[in-house]
Structures are given as structure tokens and as C-alpha cells.
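From first to last, the protein sequence lines stand for chains Y and Z. Per the numbering used here, residue 140 is the first one in the first sequence, and the count goes up by one each step. Per the numbering used here, residue 140 is the first one in the second sequence, and the count goes up by one each step.
Protein chains: 2
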Amino acid sequence: MNKTKRVTITDIARLAGVSPGAVSFALNGRPGVSEQTRKRILTIAEEHQWLPSSAARALGGAGAGVIGFAVNRSAGTLGAEAFFTDLIAGVQSALAENRIAMQMVLVSSIEEEVATYRRWHSANQVDGVIVIDPRDEDPRFPVLRDLTLPAVVLGSHASGEGHPATIWLDDRQVAHSLFDYLGALGHRSIAYVAGPAEFQHTRLRTEVLAGLGERGVSGEVIATDFSPAAASTAMRGLLSRLHRPTAVVFDNDVMAIAGLRVAQEMGVSVPKDLSVASFDDSVVAGLVHPSITCITRDTFGLGAAAAKFLLEQIDAPDVLADRIGAMPQLTVRESTAVPR
Amino acid sequence: MNKTKRVTITDIARLAGVSPGAVSFALNGRPGVSEQTRKRILTIAEEHQWLPSSAARALGGAGAGVIGFAVNRSAGTLGAEAFFTDLIAGVQSALAENRIAMQMVLVSSIEEEVATYRRWHSANQVDGVIVIDPRDEDPRFPVLRDLTLPAVVLGSHASGEGHPATIWLDDRQVAHSLFDYLGALGHRSIAYVAGPAEFQHTRLRTEVLAGLGERGVSGEVIATDFSPAAASTAMRGLLSRLHRPTAVVFDNDVMAIAGLRVAQEMGVSVPKDLSVASFDDSVVAGLVHPSITCITRDTFGLGAAAAKFLLEQIDAPDVLADRIGAMPQLTVRESTAVPR
DNA sequence: GGGTTTTACTAAATCGCTATAGTTGCACCC
DNA sequence: GGGTGCAACTATAGCGATTTAGTAAAACCC
């Protein structure tokens, strides 16, 4: 009803007494207008709160000015993990300076994720994407390559042939820092309550745990879907045995908290009778009682680095040099101790 | 380098042996093409994985196909609250069907939030926005009104003059359900560790607590910035007194968990010596020991409802009827009991 | 069978901006 | 003083869709 006519570049040009082209030059800081005229134009633009339409800009060859992030987690487990919000916050911090927006979408399978990338690309809706949870033989990578859609993967190791640009954290080393610590404390029977087996980091951590066999440490892996319910079930199973493990490591902090509760319910004292640790940290992990020994990584910084790297990839897609992220650190808290 | 030419409507038209206009008709299901031709066009489009460029579409009068969500929280507290991710997940669920995208941005002040709305509007980047944490005399509302930018507010009470469309939860009733319960248990001295005072729900909860004075309940409010550190400080202060409150209510679950830890450190047993509760629930609140009595609301459903309502507002901005969200429920857990 | 309507299209204008190819006017220069 | 160069613009052609006006052929109608 109230059809307020939108202010356009033509209006600004008319008000400034120049052509639309001149306004464009002034706005984008390129030669073709005198410094005096540029200032006048920019002042008028500001007065009328005019900004160029992003659609028109995108249409005229420039990119969409948007990066995409498709998250493949169920709504329930999403909220539980502080990882995502920290990551998003970090991404935002890097994008804000560049006037780039982030589009986020939740998907429920890797196929849907791939379809989303195709759609985004076809509709020219995003200039690049951030990809998490790389897998062995990941079906997303060939697609991203075919689409020539710039991407940055947050991954476990250096990228191979046909692999998109990657920021990698050495997950093998990360796994060592936690498992070795438990081994050094004297634990000889360690259980690892992991995420889905197809994730690379799950495989790497599993391998590291198995490798500890040489030192007389027996390891066991239980795969879950990251849900606290699955963690509880796993924990109950482990503690019902005749020979309990002396330490249980969880893939994330919410699962660890769920495990802690089961231990308490079953009268198992942490850390006296059992050590508990997590591969993922959060504010809450340090707040519960006992507080949980965790691998702490700078997720915010990681998100910022990923976003910056992606912007570089968008500008120059051919310079494909991987990056190494800041090494996660072991944060020892109350939940781990020397076994009885 | 690999300048793959993008597939356009003209390419599809040529392949189908029709004009671009005909392709547009076929795509958007409007009359002007025979059923037979429509099918042929759509098949060819699918074969070549063509989707109309969203930029071009937006330029041609249609909306941007994007809704915006500016979140005014610091990066740290954002990750702590499951509220946001649940809300976002709900929003997504409602948008996915309509092929609408969501843009999210983190801002650090209400001024920046307002500037973001102005920018989004000027650049024609979003079709509408979701607004949270309404305040008394909220500076965002007149701006949204002037911009005629469709908005849906998640609020505490029915909207007044010049107020955007609102989905409201009766925060007064919510506050009653928790405070009355504590009163009924026998608590006569209740502390409320709240968020920033300018939020409407903070004021309403405070008023309800004060209203309990008639029934002999003395209440006290401590304002914080939602951070766990502030909650710890507040809790330490409360428990150091000669006359401790018998119940402490926190504005969200992370603060409650922080408070719980302080109680444990100071040798105060929950719920024997002290009851603890929270106005916000999450998976973790039910997992810690003792599990925390909370107000549980269907945040996912709220997000979905907000998104749907916003889409309606965008279609028909003049039909301004408020909506009432599903009533939050009290979830009694282990952290509350009859006082000594 | 001539006139009207309907169907199924095409041609062309349009959205708001960017980019490229002019077009001035003025200084410079031997 | 005529050619060259440069600065500061303007004019115009896209970008890729939508949309309106126009048109040719088929269908309908008494």
C-alpha cells in the first residue's frame, strides 16, 4: 500500500547533478571523478541513506557478497554443541569488515548438503562455502570441484588431490595429547565414545587409541550419533561390565556430561573410580562438578580464519595453499586422575 | 581461470527452441505455455541443472528471498545459550519449504542492530527481519516502521501502537508459574539473578517477584550481563550473607549451572539447603547433577512460528494481528525442594 | 465463412548497477 | 598553433531474470 519508491543510483545522480556512472565511480573509489565531486556525491548518498542494491550489483558481474554454511546436524544435537555458535561468531567477526553476509542452512543428510551446494551455485546465491566434518572419500569434494564453487574445509589433515582448500588441525596429534596423558596417568583400559565412524577425525582418534596397544593400553571404541542419549547408553554399558575401563573419553562435552551423570547414578565416583574426558570444550564443561578435562581449541579463531581464507579463495581460486590452524590444547580439570 | 560460462535462461530457451519469456512462464507456473512445452522446458532445465539467478530475480521486482536475523549478544554468551541454535533450527524448518534463505549477523549493541536494519533495507538485501529481546521504549521499532521493513518480534506482551507484528509469550504468567511454585514449596526468600534490566521480560519477572510480597515472600533482583562469570559472582555474594535466600532463580541455564558450582564449592547442598531454578532450559540442564528445575519452552516451534508469521507479514504487511506462542511449561527436576 | 475469442507463443522494455567506449574542455609542448 | 595527453565526465550496453504488449494460428460461433 505505502509504495515508498526506493532510492536508486539515478536519484542520487540527479541530486548531485552528475550521471549515474559518476556515482558508481565515486562509490567504488575508482578514477573518473574529481575528489571534490566524489565527496559531494558520497555526502548526498549518505544524506538519503542510499546504498547500492545488492541484487543489481550481483547481477552486474560482481559476486553475491554472501558465503554459505550448510550444517548437517539434527536440530537437537545442534543446540547442544557450543562449537557451532562459537564457529559462527568467529566467521562473522571476519566477515563484518568486508560487508559480506553469511547464509546458514540446516540439512539432515550429506546428500541434502550436496544438493544445497548445487542449488546455491545454480542460483548464484553464494560466492563460497565453509565445509565441516570431512570424511574419507567425501562425496562433497568432487561436486564442489565440478561446480568450481570456492570452499574451505575444516579438516583433520592436509588436503590431497581434488581436495578443496583446507584449514587443518592435526587430529592425530590432538588425539595423542589426550590419550597419551591418560596413559601417563596410568590408565591401561580406555574407552572412546565417538561420533559417527565416517568422520575422519573419528577414524584418526580411533587409530591413535589402537596404536597405544604397544604400550599396554587396551582401547575400545563405541560409535554414536553425538546425542546425549546415546552417550548415556554407552556409559551404562561400559559401567555394567565386570572389568570396567578406568577412563572414558567422549567426542564432545555434552556427551561427557551425560556420561558423568550415569556414573553418578551408578555410584561410580569421578575421578576416583573413573576418569572422564572430552574432545570438545565449552563453558559448561568447566562449570559442572566435577569439571571436565577437555581438548580446548580456539573455535572462534578457527571460524575467523576459515572465513578469511575463504574470502581469499574467492578472490584467487587458483592459489591453493592449505593452512594449519592453531593447535588445540589439553585443559586438565577435575574429572581425570590416577586410576586406583 | 576456468571461466565456465554460467547457464542462463537464454541457454535453456535456445535448447528448448522457445523464447526466454516462455521459460519464465514455464518455471513460474503461469499461463502462456502449453502443458507439453512446460514439461519439455522443465526437463531441459533440470538436465542442465539450471535455476534462475536469485540476483536477477530480485532485481526484477521480486523480493530478495532472504530474511535477516541480527543477534545482539557477545560471541561468548551466544555459544552458551542453546536458545539461539534451537530458535534458528526452528526458523530454518519453516523457511526450507519456501526456498527462503536466512542471513544471520552478530551485532554488539542495539545501535549497531538498528544500523544493520537500515543497511539491509537500503541494499534491498532482506525482505524482513526477526527481532528478539524487546525493550520498553524500544528504539528499533520506530526505525523498522519508518523503513516499512516487515518484522516479527518475539515478545512479552501484546503489541501497542507502532509496534511490529509480535508473537508473544505471556512472560508474566511464565514468571508466576515458577515463582508461585517456589512459594508453594514454602520459600519465603527468593533471589532472582536476571539479565540486563532493559529487557521487557526482566522487568516483568521482577514485577511478578515483587508482587509475591503480599504473600510474605521477599524477593531480590541482581542484574547481570547473562555471563556465567557474573552469575558466579552474584551467587557468591548471596551465599556469603548471614541470611541466605532459600531459593535462587537464574535467567538462563548456563548461569544456573555456574551458580550450582558455586554452591557446591561453598558447601551448600542443593536442593537440601538451597533450591535453584532457571527460566531457560536446555539438554544440559537435565543432565547435570542435580538436574535443574526449568521453564521449558518450545523454542524450535517458536522459531518456526516466527518464520511463518514473518513470511505472512512480507506477503501482506497490513494484516497486523498478533499471535500467541505456545505456553512454556514448568519442568520440575532435582534442584528444587521444600526449604529446611 | 467472416468475425471474435482463445491459445501459445515472441519481442521488447524493465529492474539498478557496473563497465566500457566515447566526448568534451583544458593544459602542455616543441 | 596544431597535435598530443589527460582529467572529468557522459552515454550506452550489458548482467539475467520478469512482464507487458504484440502477433500469428487455431478454435469457436451463429
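The beta-carbon is built from N, C-alpha and C at its ideal position, and this holds for glycine as well. Model, not experiment: these values are computed from the prediction.
Not one beta carbon of chain Z lies nearer than 8 Å to the beta carbon of residue 302(Y). Shown here for residue 280(Y): same chain residues with a beta carbon closer than 7 Å to its own, the five before and five after excluded, namely 301, 302, 303 in chain order.
With contacts defined as CB atoms closer than 8 Å, residue 354(Z) and residue 314(Z) fail to qualify as a contacting pair. In the structure shown, the three-state DSSP call for residue 358(Z) is strand. For residue 404(Y) and residue 295(Y), the gap between their C-alpha atoms comes out near 36 Å.
Taking 8 Å as the threshold, the shortest C-beta distance from residue 465(Y) to chain Z does not fall below it. Inclusion of residue 231(Z) and residue 245(Y) in the CB contact set at 8 Å is warranted, their separation being smaller than that value. At a C-beta separation below 7 Å, residue 190(Y) has these neighbours in chain Z: 258, 261, 262. When CB distances to chain Z are screened at a threshold of 8 Å, the residues of the region 383 to 404 of chain Y falling below it are 393, 396, 397, 399, 400, 403, in chain order. Between residue 384(Z) and residue 359(Z), the gap from beta carbon to beta carbon is short of 8 Å. The residues 286, 288, in chain order, have a CB closer than 6 Å to that of residue 260(Y) in the same chain once the five nearest residues on each side in sequence are set aside. Flagged as an interface residue toward chain Y: residue 145(Z), by a C-beta distance shorter than 8 Å. In the structure shown, residue 462(Z) adopts extended strand secondary structure according to DSSP, grouped into three states. Taking residue 163(Z) as reference, the option from 333(Z), 416(Z), 191(Z), 290(Z) with the minimal CA-CA separation is 191(Z). Residues of chain Z with a Cβ closer than 9 Å to the Cβ of residue 417(Y) do not exist; the shortest Cβ-Cβ separation is about 13 Å. If the five residues before and after residue 255(Z) are omitted, its C-beta is found closer than 7 Å to the C-beta atoms of 209, 244, 246, all from its own chain and listed in chain order. With 16 or more other Cβ atoms from the protein chains shown falling within 10 Å of its own Cβ, residue 269(Y) counts as buried. The residues 221, in chain order, have a CB closer than 8 Å to that of residue 422(Y) in the same chain once the five nearest residues on each side in sequence are set aside.
A distance below 6 Å between beta-carbons, with the five flanking residues on each side excluded, links residue 424(Z) to the following residues of its chain, in chain order: 392, 431, 433. Between residue 377(Y) and residue 388(Y), the C-beta spacing is not below 8 Å. Taking residue 456(Z) as the centre and dropping the five residues before and after it, the same chain places the C-beta of 287, 289 closer than 8 Å to its C-beta, in chain order. Look at residue 468(Z): its C-beta is not under 8 Å from any C-beta on chain Y.
Burial check for residue 167(Z): the Cβ neighbour count within 10 Å stays below 16, so the residue is exposed. With contacts defined as CB atoms closer than 8 Å, residue 357(Z) and residue 328(Z) qualify as a contacting pair.
Shown here for residue 365(Y): same chain residues with a beta carbon closer than 6 Å to its own, the five before and five after excluded, namely 216, 334 in chain order.
For residue 224(Y), the closest Cβ of chain Z is nearer than 8 Å. Contact annotation: residue 183(Y) and residue 154(Y) have beta-carbon atoms nearer than 8 Å.
When Cβ-Cβ separations below 8 Å define contact, residue 198(Z) makes contact with chain Y. In the structure shown, residue 291(Y) falls within a strand segment according to DSSP collapsed to helix, strand and coil.
By the 16-neighbour rule on beta-carbons within 10 angstroms, residue 414(Y) is buried. Taking C-beta atoms as the reference points, residue 237(Y) and residue 441(Y) fail to come closer than 8 Å. Residue-level contact check: residue 365(Z) does not touch chain Y, since none of the beta carbons of chain Y fall below 8 Å from its beta carbon. Beta-bridge partners of residue 331(Y) (DSSP): 360(Y), 388(Y). The Cβ-Cβ distance between residue 206(Y) and residue 267(Y) falls below 8 Å. Between residue 254(Z) and chain Y, the shortest Cβ-Cβ separation is not below 8 Å. Checking the DSSP bridge columns, you'll see residue 274(Y) partnered with 338(Y).
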